[in-house]
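Under mature numbering (1 follows the signal peptide of the UniProt record, and there is no 0), residues -15 to -1, 1 to 420 are what the sequence shown spells out, in order.
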Amino acid sequence: MRSIVVLALFGAAFGFPADFEEAIPVAEPEPGVNWAVLIAGSTGWGNYRHQADVCHAYQILHRNGIPDERIVVMMADDLAHNIRNPTKGIIINHPDGKDVYHGVPKDYTRFDVTAKNFLRVLKGDREGVAGIGSGKVIESGPHDNVFVYYTDHGAPGIVAMPHGGMLHADDLVTTLKEMHQENKFNKLVFYLESCESGSMFDKMLPDNINIFATTAANGKESSYACYMDKTRKTFLGDLYSVNWMEDTDVESVQKETLQQQFEKVKMLTNRSHVQEYGDMNIKNDIIGQYQGTINYPSVTLPPYRQVPHDAIPSPDVPLAILNLRLETAETDEERQTVLAELKDELNLRTSIAQKMKDIVTMATDDAEQAEDILVNHHRDITARPCYKAAVNHFHDTCYDLSQYEHALRHMYTLVNLCEEQVPLDRVTAAMDSVC
């Protein structure tokens, strides 16, 4: 700006035209485009809601003008033609909702939906996903905005993936920092639905790398499933997720800001504490800068009929589904089958709790310390290398955390073991012995 002023004065002194300054060409900022990654981190009919959420999110972005070549979808794709699906080829995300499955790209499905592949996609690592799925990655540049939406199960500092182990908070945040350093986006917005989802960003995500994140819950509580469907006998959505998507469906994304959407979602998601992290200046941006319609006609839908959310904590979903199946069983044989499944689920939960108690007892060899570790649910994670190694060993040795969701409810115990500075080798040795 100083050089322009000097030139203007110089021009006035030597008789240059008054509009000399205006004649100097000023470079226009390069227009950016939108990119998006949508991930459902679970499998199976009981987790129907996660893939339904992702399919709905795809329909929003697609309708709002983001082309399929710039939307990466990662989901198991085991619902539409599932034996339990009474409407084959159709997935819905609301009791009155239309099919959200049609047209969804199948970029990475089944065994290709892993934490490693997600991070490769996010970083634009084409070589890393060569020969895997569609091979599509985020190829964003310094003028582009990126939207990431993840939905599934979680625990302190981790979220689940269908296969290949957990996604750890430090791996995710490290990747996001690298993307910023390498100018791989202008701004990035991350919506995350899982239990204890706040722990993925709390005290981890910097506020100066052009990233804004919101989560369904804080770092110490469950997120909530909603819309129990008596025909499909499963939950159709997650409370935080349907709240942001149903808002985008009916509002003008060329007018509503991220801040306005956050406040609405926070109010409507009244069973958990919706959180925000990162660069708060981004909240002033309109939704369309991330969910589409920057240069595309704004499309809104009629509001859904208001129906009860019937929200319940995510860990209670398996039991709620079994109880519904029991209530609606039409034959004695069907009833006995469900009762057997219910007994197995309860026995599994008891077994997981007992194994964890045995691991803690063996690792500490101190009854008082063991008791404190088992009952204290809310310590922050500071010993991250220890916790990460303990989680991975538990996953490999005791229970596959992708398949045994209830085991995630006991990961706080591993946090406590590490925070108590119990040697990692004692913890892993105890797992080897007990499991």
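A virtual CB, placed ideally from N, CA and C, is assigned to each residue, including glycine.
Count the CB pairs spanning the stretch 206 to 224 and the stretch 15 to 26 that are closer than 8 Å, and state whether there are at least three.
Judged by Cβ distances under 8 Å, the stretch 206 to 224 makes no contact with the stretch 15 to 26, as fewer than three pairs qualify.
Report yes if the CB atom of Q276 is closer than 7 Å to the CB atom of L46, and no otherwise.
For the purposes of this step, residue 276 is taken as the residue at position 291 of the sequence shown. For the purposes of this step, residue 46 is taken as the residue at position 61 of the sequence shown. It is a contact, given that the beta carbons lie within the stated cut-off.
Classify A375: buried if its beta carbon has 16 or more other beta carbons within 10 angstroms, exposed otherwise.
On the sequence shown, residue 375 is found 390 positions in, with the first residue counted as 1. That one is buried.
Taking only three categories from DSSP, how would you classify C211?
Residue 211 sits at position 226 when you count from the first residue of the sequence shown. Residue state, collapsed to three classes: strand.
Would you kindly report the start and end of the unbroken alpha helix (DSSP H) that includes Y372?
Taking the first residue of the sequence shown as 1, we reach residue 372 at position 387. Start and end: 369 to 382.
Should the stretch 153 to 171 be regarded as contacting the stretch 380 to 389, the criterion being three or more beta carbon pairs within less than 8 Å?
The answer is no - the stretch 380 to 389 does not touch the stretch 153 to 171, with fewer than three Cβ pairs under 8 Å.
Per DSSP, which one or two residues make a beta bridge with residue 424?
Because the chain is modelled from -15 through 420, residue 424 falls outside the range shown and cannot be assessed.
What residues are listed by DSSP as bridge partners for W20?
Stepping through the sequence shown from its first residue, residue 20 is reached at position 35. W20 pairs with V131.
Between P141 and I366, how many whole angstroms is the CB-CB distance? I'm expecting something under 8 Å.
One-based indexing of the sequence shown puts residue 141 at position 156. One-based indexing of the sequence shown puts residue 366 at position 381. At roughly 6 Å, the Cβ-Cβ gap stays under 8 Å, so P141 and I366 are in contact.
According to the Cβ coordinates, are R34 and L221 closer than 7 Å?
Along the sequence shown, read from residue 1 onward, the residue named residue 34 stands at position 49. Along the sequence shown, read from residue 1 onward, the residue named residue 221 stands at position 236. The answer is yes: Cβ separation under 7 Å.
For the stretch 50 to 67 against the stretch 119 to 126, do three or more pairs of beta-carbon atoms, one drawn from each stretch, fall closer than 8 Å, so that the two count as touching?
Contact holds: three or more Cβ-Cβ distances are below 8 Å.
Are the beta-carbon atoms belonging to N130 and K162 less than 7 Å from one another?
Numbered from its first residue, the sequence shown carries residue 130 at position 145. Numbered from its first residue, the sequence shown carries residue 162 at position 177. Result no, Cβ atoms of N130 and K162 do not sit closer than 7 Å.
Taking 7 Å as the threshold (C-beta atoms), are D62 and T99 in contact?
Counted from its first residue, the sequence shown places residue 99 at position 114. Counted from its first residue, the sequence shown places residue 62 at position 77. No, Cβ-Cβ distance for T99 and D62 is not below 7 Å.
Can you tell me whether H47 is helix, strand or coil according to DSSP?
One-based indexing of the sequence shown puts residue 47 at position 62. DSSP places H47 in helix when its eight states are reduced to three.
I need the straight-line Cα distance from E315 to E330, nearest angstrom please.
The count along the sequence shown starts at 1 and reaches residue 315 at position 330. The count along the sequence shown starts at 1 and reaches residue 330 at position 345. If you take the alpha carbons of E315 and E330, they lie about 21 Å apart.
Quick check: R411 and A352, are their CB atoms within less than 7 Å of each other?
The residue you call residue 411 lines up with position 426 of the sequence shown. The residue you call residue 352 lines up with position 367 of the sequence shown. The answer is no: Cβ separation not under 7 Å.
Skipping 5 residues on each side, what residues in its chain have a beta carbon closer than 7 Å to that of G183?
One-based indexing of the sequence shown puts residue 183 at position 198. Closer than 7 Å at the Cβ level, and outside the excluded window around G183, lie T200, A202, N203, G204, Q260.
Spatial neighbours of M341 within its chain, please: CB distance less than 6 Å, with the 5 preceding and 5 following residues excluded, ordered by chain position.
As a position in the sequence shown, residue 341 is number 356, starting the count at 1. If we look at M341 and ignore the five residues flanking it on each side, its Cβ neighbours are H395, T398.
Assuming L386 and A145 are in contact, meaning their beta carbons sit under 8 Å apart, how far apart are those beta carbons, in whole angstroms?
As a first step, residue 386 is located in the sequence shown; it is residue number 401 there, counting from the start. As a first step, residue 145 is located in the sequence shown; it is residue number 160 there, counting from the start. Confirmed, about 6 Å.
By the 10 Å Cβ neighbour count, where 16 or more other Cβ atoms means buried, how is V360 classified, buried or exposed?
Locating residue 360 in the sequence shown gives position 375, counting from the first residue. Classification of V360: exposed, given that the 10 Å Cβ count is below 16.
Identify, in the order they occur along the chain, each residue of the same chain with its Cβ nearer than 7 Å to the Cβ of G149, setting aside the five sequence neighbours on each side.
Counted from its first residue, the sequence shown places residue 149 at position 164. Within the same chain, G149 has close Cβ partners T99, A100, K101.
If V174 and L64 are in contact, beta carbons under 8 Å, what's the gap, nearest whole angstrom?
For this step, residue 174 is matched to residue 189 along the sequence shown. For this step, residue 64 is matched to residue 79 along the sequence shown. No, V174 and L64 are not in contact; Cβ-Cβ is about 27 Å, not under 8 Å.
My output table needs one value for F146: the three-state DSSP class, helix, strand or coil.
Along the sequence shown, read from residue 1 onward, the residue named residue 146 stands at position 161. Per the sequence shown, residue 146 should be read as Met rather than Phe. Coil.
With distances taken Cα to Cα, identify the nearest neighbour of S299 among H153, E181, N67.
Stepping through the sequence shown from its first residue, residue 299 is reached at position 314. Among H153, E181, N67, the Cα nearest to that of S299 belongs to E181.
I need the boundaries of the beta strand (DSSP E) containing L177, first residue and last residue.
Counting from 1 along the sequence shown, the entry for residue 177 is found at position 192. Here the beta strand (DSSP E) through L177 covers 172 to 178.
If you draw a straight line from the C-alpha of N308 to the C-alpha of A355, how long is it?
Translated into positions along the sequence shown, residue 308 becomes position 323. Translated into positions along the sequence shown, residue 355 becomes position 370. For N308 and A355, the distance between alpha carbons rounds to 34 Å.
By DSSP, does V400 sit in helix, in strand, or in coil?
Here the question's residue 400 lines up with position 415 in the sequence shown. Note: V400 maps to helix in three-state DSSP.
Alpha carbon to alpha carbon, how far is H153 from E318?
Here residue 153 refers to the residue found at position 168 when the sequence shown is read from its first residue. Here residue 318 refers to the residue found at position 333 when the sequence shown is read from its first residue. Rounded to whole angstroms, H153 to E318 spans 43 Å at the Cα level.
Please say whether I358 and residue 477 have beta carbons closer to each other than 7 Å?
No statement about residue 477 is possible, as the shown extent of the chain runs from -15 to 420 and does not include it.
Residues in its own chain within less than 7 Å of A42 by CB, not counting five upstream and five downstream?
Here residue 42 is taken as the residue at index 57 of the sequence shown, counted from 1. Answer for A42: L23, Y134, M230, listed in chain order.
Give the straight-line distance between the Cα atoms of K218 and G31, rounded to the nearest whole angstrom.
Here residue 218 refers to the residue found at position 233 when the sequence shown is read from its first residue. Here residue 31 refers to the residue found at position 46 when the sequence shown is read from its first residue. Going by the C-alpha atoms only, they are around 8 Å apart.
Can you find the residues in the same chain that come closer than 7 Å, C-beta to C-beta, to E405, ignoring five residues on each side of it along the sequence?
Position 420 of the sequence shown holds residue 405. So the qualifying residues of the chain are Q354, I358.
What is the DSSP secondary structure of A42, counted as helix, strand or coil?
Position 57 of the sequence shown, counted from the start, is the residue given in the question as residue 42. Here A42 sits in helix by DSSP.
Would you list, in sequence order, the uninterrupted alpha helix (DSSP H) runs of no fewer than 4 residues that lie entirely inside the stretch 81 to 125?
Counting only runs of 4 or more, we get 100 to 108.
Considering only the alpha carbon of each residue, which of G263, Y389, A368, I271 lies closest to I194?
What you label residue 194 is simply residue 209 of the sequence shown in a count that begins at 1. Cα-wise, what sits closest to I194 is G263.
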